[in-house]
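Report on the structure given below.
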């Protein structure tokens with residue numbers, strides 16, 4: 043408390059003092075990109091404490107009430123406005139959700155939808171994409187959604203020699219139409235492959251596929267922009283982009299984004315600036331579309347946005363990693379046997395508060411402005427909001443706390459929010475700026491955000507299942523808490539009708555919800571009756587076991603009588 047009071051006082055009185063250790067100037071005449079979105083990928087959201095999709099047997103075992111609380115936290119607390127979803131075409135692994143098509147028929151121009159396994163595609167769109175879209179738009183902000191096609195494994199079909207690329211175009215366009223017609227979602231960008239530099243697709247085959255896809259989308263009236271090449275390193279992107287730019291003017295007419303990943307140390311100015319210049323030359327925008335957290339991802343974000351002019355930044359991934367050591371989020375479960383797990387809730391990971399300093403305060407429509415730091419230990423990133431006020435993020439590499447004198451701030455009321463490797467985000471103090479200057483403290487190896495969003499901290503704790511569900515009579519989950527929405531592709535998967543007449547999804551479609559007590563989960567109807575299918579199997583098992591015991595008992599009695 044004493045430190046907070048001292049810092050708050052310093053921010054109020056430090057305007058012309060000569061004791062400043064570092065200086066940062068904001069230049070609002072230097073204009074950069076207009077911000078679009080911080081995004082994360084959702085395709086690993088199902089991972090829970092060492093239990094993956096292959097063990098669970100379905101797309102996600104997360105109950106609706108927990109999914110909704112999780113998405114509330116992602117949008118309302120962390121501040122993300124975008125998602126990325128992968129469309130897996132290979133079908134090579136049951137642990138990677140997406141769609142896993144076999145070749146539907148020999149004609150790439152006649153789609154047999156029944157041959158496509160939509161069971162993984164539909165739940166992600168319905169249960170994650172649509173609810174998050176609604177939450178972001180309820181804030182009055184645009185939802186950003188990217189779909190990327192994975193071509194990392196051998197396709198389950200052969201492209202016909204007479205129509206190369208058409209099978210690819212058929213399934214990708216079918217997925218886009220299904221998403222639009224069933225769920226009202228159209229991606230803001232389609233990345234038609236991922237990391238081509240890693241041999242994920244043959245360049246010639248990809249060329250045929252992209253051209254065929256463009257023709258198909260034009261024919262069905264889908265106006266989906268393209269993004270490419272999403273190489274694993276920023277410096278490799280031009281090598282794959284330039285040949286494409288020379289092959290098809292129609293494809294280039296759809297090209298809007300130059301995508302790149304941040305691996306192998308590529309988040310640095312020498313790699314990012316050429317990419318930025320290439321995008322500016324061709325009228326494109328840059329987007330960072332995959333980057334796991336580095337040793338200092340806080341510095342990476344500042345460098346990336348300043349040097350590449352990126353309008354999208356991905357923190358990969360929302361729920362990746364064991365819940366005991368999550369990066370961004372982790373889902374927690376205890377006890378039970380898949381597909382029935384006892385869920386406790388979710389946790390914010392070690393990097394959550396770092397991403398919070400950017401995603402919560404840099405909003406869609408904000409415009410990056412120039413910054414200059416006189417101290418090499420201080421990295422600065424600034425944006426201007428539509429009302430003219432600023433948001434400024436300061437990252438320190440210093441081994442001691444630093445006071446940073448800021449100049450060029452727009453007039454208004456601000457707050458300083460700080461965190462470091464051991465302390466979560468907290469408000470240091472609030473102050474009024476009238477002459478463009480202020481001073482704030484940045485903790486050693488810490489980060490401080492100067493913002494007009496004064497209600498962001500303290501961040502409320504994450505909810506638990508016990509806190510989300512009211513007291514339930516006898517531990518039975520209310521039917522209203524069970525997600526009953528299913529796609530047509532779920533039909534015929536063993537659904538059962540309860541004795542009360544309610545149709546209940548088969549196991550794996552929706553797991554039960556953990557109650558406050560450690561009672562056995564009941565995932566069925568409000569009546570609490572187990573499904574006939576499971577009850578019948580259980581009864582048959584008991585009867586068989588009982589008959590076997592009775593037969594054994596009779597044998598023993600017969601043997602005793604004979605003796």
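In my numbering, the protein residues as written are 43 to 605.
Think of the CB as a built atom: it goes at the ideal place given N, C-alpha and C, for glycine as much as any other residue.
In this text the structure is predicted, and so the values were computed from the model without any measurement.
Around the Cβ of residue 201, are there at least 16 other Cβ atoms within 10 angstroms (buried) or fewer (exposed)?
buried
Cα-Cα, which of 218, 261, 408 is closest to residue 79?
408
Looking at the strands, I want to know which residues DSSP matches up with residue 302.
273, 330
Once the 5 residues before and after residue 450 are set aside, which same chain residues still bring their CB inside 7 Å of it?
67, 68, 69, 70, 478
Among the residues of its own chain, which have a CB less than 7 Å from the CB of residue 153, if the five just before and after it don't count?
146, 212, 216
In angstroms, rounded to a whole number, what distance separates the CA positions of residue 84 and residue 125?
7 Å
Could you pull out every residue in the same chain whose Cβ sits closer than 6 Å to the Cβ of residue 297, ignoring the five residues on either side in sequence?
268
Could you give the uninterrupted runs of the beta strand (DSSP E) lying entirely in the region 411-490, keeping only those of 3 residues or more?
420-426, 432-438, 444-449, 454-461, 468-475, 479-484
Suppose contacts are defined by Cβ-Cβ distances below 8 Å. Is residue 277 in contact with residue 308 by that definition?
yes
Between which two residues does the beta strand (DSSP E) containing residue 407 stretch?
Where residue 407 is concerned, there is no enclosing beta strand (DSSP E), given that its DSSP letter is neither H nor E.
Is the beta carbon of residue 406 less than 8 Å from the beta carbon of residue 184?
yes
Using a Cβ-Cβ cut-off of 8 Å (strictly less than) and excluding sequence neighbours within five positions of residue 242, which residues of its own chain qualify?
192, 193, 194, 235, 236
Unbroken beta strand (DSSP E) run spanning residue 75, endpoints
64-76
Which first and last residues belong to the beta strand (DSSP E) in which residue 281 is found?
First-last for residue 281: 279-287, but that is the alpha helix (DSSP H), not the beta strand (DSSP E).
Looking only at its own chain, which residues have a Cβ that is under 6 Å from the Cβ of residue 151, when we skip the five neighbours before and after it?
none
How would you write the range of the beta strand (DSSP E) that residue 83 sits in, first residue to last?
79-83
Considering Cα atoms alone, identify which of 302, 327, 72 is closest to residue 356.
302
Three-state secondary structure (DSSP) of residue 124:
strand
Is it buried or exposed, residue 496, if we count other Cβ atoms within 10 angstroms and call 16 or more buried?
exposed
Go ahead and label residue 368 buried or exposed: buried means 16 or more other beta carbons lie within 10 angstroms of its beta carbon, across all protein chains shown.
buried
With a 10 Å radius around its C-beta and 16 neighbouring C-beta atoms as the bar for buried, classify residue 262 as buried or exposed.
exposed
Whether residue 431 touches residue 412 by CB criterion (8 Å)
no
Can you give the beta carbon distance from residue 188 to residue 331, rounded, assuming they're within the 8 Å contact cut?
7 Å
According to the neighbour-count rule (16 or more other Cβ atoms, all chains shown, within 10 Å of its Cβ), is residue 156 buried or exposed?
exposed
Does the Cβ-Cβ distance between residue 457 and residue 493 come in under 8 Å?
yes
Runs of 3 residues minimum, wholly inside the region 151-208: which ones carry the beta strand (DSSP E) assignment?
186-192
Proximal residues to residue 320 (C-beta, below 6 Å), its chain only, five neighbours per side dropped:
280
Which residues bound the beta strand (DSSP E) around residue 356?
354-356
Would DSSP call residue 108 helix, strand or coil?
helix
Euclidean distance between Cα positions of residue 115 and residue 248
38 Å
May I ask you to verify whether the region 338-358 touches the region 414-428, counting CB pairs closer than 8 Å and requiring at least 3?
yes
Cα-Cα, which of 358, 255, 337 is closest to residue 292?
255
Check whether the Cβ atoms of residue 113 and residue 165 sit closer than 8 Å, and answer yes or no.
no
Looking only at DSSP bridge pairs, what is residue 241 linked to?
Per DSSP, none; premise fails for residue 241.
Helix, strand or coil for residue 291 per DSSP?
helix
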